[in-house]
Every structure is written in C-alpha cells, then in structure tokens.
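In this note's numbering, the protein residues as written are 454 to 608.
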C-alpha cells in the first residue's frame, strides 16, 4: 500500500473510531425501572454513557425525573440518599446460583436481576455527592465542582 493510501486509511479509521466513541457516549439511556426503600434506591437502565463525566451529567440531569416517575421521595423528605444504577441486562429472572439482586416489591419468582453495578451515588459526611464507578470515584461539591478522588481514598 502506498504512503498516501496508508495515510487515508489511518484518517478513515481515526474518524470512524471517533464516531463510534461519540455515539456510545451520547446515545439515549433507557430507564427500565426503579425500586426503593427508605434507605436506598436501585435504578435499572439499559446502559450508561461510557465516560464518567457523561454518566455523572446524565444522573444530574435525570435524577429529579427518576424520583418523580418512580415515586421516590427525596432524601430531604425521608427518602433514600443512596442510589445504585444497575444494568438491566437480560431482564427480570428467577433467582439462581449467580450473584443476583431480588426485589421484594415485585411478585416472585421473576423478580431478580444480575448484579451489574454501573454507578453508585450517595452523600458523604460533608453533604457532598459521591459518584462511584468500578475503579474510580468523584465528589461533587456544593459549588458544583466535580473532582476525581485518588484511588486510595475512595474505598
């Protein structure tokens, strides 16, 4: 392959990769359901944006609508202050030998999902919002600043 063709191929691959990245990070998140008790709420989605910043922005933009749609009282009104966003995966199933989360507010036997945590959201002692993903965590301060926590401090 000539240098010119190689260069054009590299440009094409770069543009295609950027397009795929932008698509995956900006596609619509479908909220399947939510379950809650006094202390925690579980939100089931088809996926989250691929970057932490986009997932955090998604939560900040959709939290109020989720609380309203699923009749979840706010933390200030005695509702949950800890939220876990799970991948809905293959849907509700019977409990089996796998690590599953089962919901008491639904009739069994098909009231369980696989525990695939995408995001946890809660408050720390100072009242700031903490966002945790698999290997990273972030704090949103009252002034709106968001800072990534060092690995050794977020467990």
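Quick reminder that beta carbons are idealized off the backbone N, C-alpha and C, glycines included.
In summary, residue 584 is buried, with 16 or more beta-carbon neighbours lying within 10 Å of its beta-carbon over all protein chains present. Closest in C-alpha terms to residue 535, from the list 522, 516, 511, comes 516. Take residue 531, set aside five residues on each side of it, and the residues of its chain with a beta-carbon closer than 8 angstroms to its own are 491, in chain order. Around residue 558, the same chain offers 488 as residues with beta carbons nearer than 7 angstroms, after the five sequence neighbours per side are excluded. With respect to the C-alpha of residue 496, the residue from 521, 595, 506, 548 having the closest C-alpha is 521.
Per DSSP, residue 493 is one residue of the beta strand (DSSP E) stretching across 493-498. Annotation for residue 576: no alpha helix (DSSP H) segment contains it, though the beta strand (DSSP E) segment containing it runs 570-576.
Contact between residue 499 and residue 485 holds, since their C-beta atoms are separated by about 7 angstroms, short of 8 angstroms.
A residue is called buried once 16 or more other Cβ atoms fall within 10 Å of its Cβ, and residue 560, having fewer, is exposed.
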